[in-house]
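Trainee: First the structure, then my questions, so here it is.
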Amino acid sequence: MDFFQAVFLGLLQGLTEFLPISSSAHLILTPALLGWQDQGVGFDLAVHVGTLLAVVLYFRRDVFGIARDGLVSMTQRRVVGQGAMAFYLVIGTIPAGLAGLALLDMIDNELRSPVIIFTTTLVFGLLLGVADWIPKRDRSLDSIRWKDALIVGLAQAISLVPGTSRSGITITAGLFLGLSREAASRFSFLLAIPITALAAGVKILEVAVADIAVDWTGFLIGGVTSFVMAITAIHFFLKWLNKVGMWPYVVYRVILAGVIFAVLM
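Counting in the UniProt record's numbering, the sequence shown runs from 1 upward without gaps.
Right under this line is the structure:
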């Protein structure tokens with residue numbers, strides 16, 4: 001992998017991981033459209049670590065408070081501070097974690113086709129638009145309960161199918177539950193931390209067990225660029241959220257689906 005390819009894919013992953021437009025679709029489609037060789041498991045691990053560090057750093061106060069209060073709540077066997085949110089994040093992570101373990105081979109080998117990505121890009125893009133259009137989305141992050149976390153978690157499990165968008169479908173679920181745009185987005189970003197950590201852990205095991213040669217230069221370049229772009233994308237997404245809403249991303253996904261259909265199908 002050359003320098004330009006590593007930088008480009010790292011920036012692409014960082015930008016699309018937390019925007020509701022599907023990072024997996026872009027990482028699959030870009031090499032296919034540009035005639036590049038597949039970037040490999042090692043590079044995927046690097047950019048996942050980069051985006052994980054970005055979301056942890058950006059929400060460091062929330063992460064520290066939730067982790068601290070969650071541990072205190074467990075030891076004292078009562079809810080302390082943000083201990084309930086720690087519990088909800090665990091609930092929201094379980095469906096995708098189980099689905100990933102059960103369906104990993106099928107996801108990697110059978111669900112990466114242009115037809116699948118075209119369908120998920122278009123359908124879940126339009127669904128995001130419908131969810132954003134529905135009125136009375138005024139629930140705050142503090143109003144989330146375990147049933148909400150489970151529903152958003154089930155939506156996150158569906159996002160394992162390439163083209164769906166993890167952030168897109170979890171924000172969609174949150175909006176349908178009546179959460180405000182900001183609350184749905186923040187819960188989606190916090191929920192990204194445990195599942196991304198699990199995904200990175202799985203890839204580390206895959207690299208170690210298969211004794212895969214790692215391009216350490218590409219690893220470092222991809223990780224750093226994905227980190228910088230991800231933290232920038234999160235900041236501006238939340239800053240502009242109430243001004244632009246979700247429809248720019250809906251329109252982009254419809255256009256992207258059209259490109260996939262015209263070029264790859």
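Ideal placement from N, C-alpha and C gives every residue a C-beta, glycine not left out.
Within 10 Å of its beta-carbon, does residue 255 have 16 or more other beta-carbons around it, so buried, or fewer, so exposed?
Mentor: Answer is exposed; the Cβ neighbour count stays below 16.
Trainee: Starting from the N-terminal side, write out each stretch of the alpha helix (DSSP H) that is 4 residues or longer and does not extend beyond the stretch 35 to 92.
Mentor: Runs of the alpha helix (DSSP H) inside the stretch 35 to 92: 40 to 58 and 60 to 76.
Trainee: With a CB to CB cut of under 7 Å and the five nearest residues on each side skipped, what residues in its chain are close to residue 197?
Mentor: Hits under 7 Å: 52.
Trainee: Alpha carbon to alpha carbon, how far is residue 159 from residue 81?
Mentor: Distance between the alpha carbons of residue 159 and residue 81 is about 30 Å.
Trainee: According to DSSP, simplified to helix, strand and coil, what is residue 139?
Mentor: Three-state DSSP puts residue 139 in a strand.
Trainee: With a Cβ-Cβ cutoff of 8 Å, do residue 117 and residue 29 count as a contact?
Mentor: Cβ distance < 8 Å, so residue 117 and residue 29 count as in contact.
Trainee: Leaving out five residues on either side along the sequence, give the residues of the same chain with a beta carbon under 7 Å from the beta carbon of residue 5.
Mentor: Cβ neighbours of residue 5 beyond the five flanking positions: 36.
Trainee: Are the CB atoms of residue 167 and residue 188 nearer to each other than 8 Å?
Mentor: It is a contact, given that the beta carbons lie within the stated cut-off.
Trainee: Span of the alpha helix (DSSP H) holding residue 253?
Mentor: 247 to 264 is the span of the alpha helix (DSSP H), which, as asked, contains residue 253.
Trainee: For the alpha helix (DSSP H) containing residue 161, list its first residue and its last residue.
Mentor: Where residue 161 is concerned, there is no enclosing alpha helix (DSSP H), given that its DSSP letter is neither H nor E.
Trainee: Where does the unbroken alpha helix (DSSP H) through residue 145 begin, and where does it stop?
Mentor: Looking at the DSSP string, residue 145 is not in any alpha helix (DSSP H), and its letter there is neither H nor E.
Trainee: Would the beta-carbon of residue 59 fall within 8 Å of that of residue 218?
Mentor: Contact: no.
Trainee: Using 8 Å as the threshold, is the C-beta distance between residue 174 and residue 152 below it?
Mentor: Yes, the Cβ-Cβ distance between residue 174 and residue 152 is below 8 Å.
Trainee: Looking only at its chain, what residues have a beta carbon closer than 7 Å to the beta carbon of residue 270, apart from the 5 residues adjacent to it on each side?
Mentor: The displayed coordinates of the chain run from 1 to 265. Any statement about residue 270 would go beyond what the structure contains.
Trainee: Output needed for residue 192: all residues of its chain with C-beta closer than 6 Å, excluding positions within five of it in sequence on either side, in chain order.
Mentor: Closer than 6 Å at Cβ, skipping near neighbours: 55.
Trainee: Residue 22 and residue 93 - do their beta-carbons sit closer together than 8 Å?
Mentor: It is not a contact, given that the beta carbons lie outside the stated cut-off.
Trainee: In angstroms, rounded to a whole number, what distance separates the CA positions of residue 249 and residue 181?
Mentor: Each residue's Cα considered, the two are about 14 Å apart.
Trainee: In the DSSP assignment, the alpha helix (DSSP H) including residue 132 goes from what residue to what residue?
Mentor: Counting along the chain, the alpha helix (DSSP H) containing residue 132 begins and ends at 114 to 133.
Trainee: With a cut-off of 8 Å, do at least 3 Cβ pairs link the stretch 12 to 19 to the stretch 224 to 233?
Mentor: As far as the Cβ criterion goes, the stretch 12 to 19 touches the stretch 224 to 233, which means the pair count is three or higher.
Trainee: Beta carbon of residue 102, beta carbon of residue 156: below 8 Å?
Mentor: Cβ distance not < 8 Å, so residue 102 and residue 156 don't count as in contact.
Trainee: On the DSSP bridge list, what partners appear for residue 179?
Mentor: The partner list for residue 179 (beta bridge, DSSP) reads 139.
Trainee: Return the chain-ordered list of same chain residues with a C-beta closer than 8 Å to the C-beta of residue 288, the five sequence neighbours on each side being excluded.
Mentor: Absent from the structure is residue 288, since the part of the chain shown begins at 1 and ends at 265.
Trainee: Report buried or exposed for residue 265, applying the criterion of at least 16 other Cβ atoms within 10 angstroms of its Cβ.
Mentor: Label assigned to residue 265: exposed.
Trainee: My output table needs one value for residue 154: the three-state DSSP class, helix, strand or coil.
Mentor: Here residue 154 sits in helix by DSSP.
Trainee: Hey, out of 10, 148, 8 and 91, whose CA is closest to residue 195's CA?
Mentor: With distances taken between Cα atoms, residue 195 lies closest to 91.
Trainee: Just the Cα atoms here: how many angstroms apart are residue 65 and residue 233?
Mentor: Cα to Cα, the separation comes out at about 23 Å.
Trainee: Throw me the rounded Cβ distance for the residue 69 and residue 86 pair, which I believe falls under 8 Å.
Mentor: Contact holds; Cβ gap of about 6 Å.
Trainee: Can you give the Cα-Cα distance for residue 162 and residue 61, rounded to whole angstroms?
Mentor: Looking at the two C-alpha atoms, the distance is approximately 31 Å.
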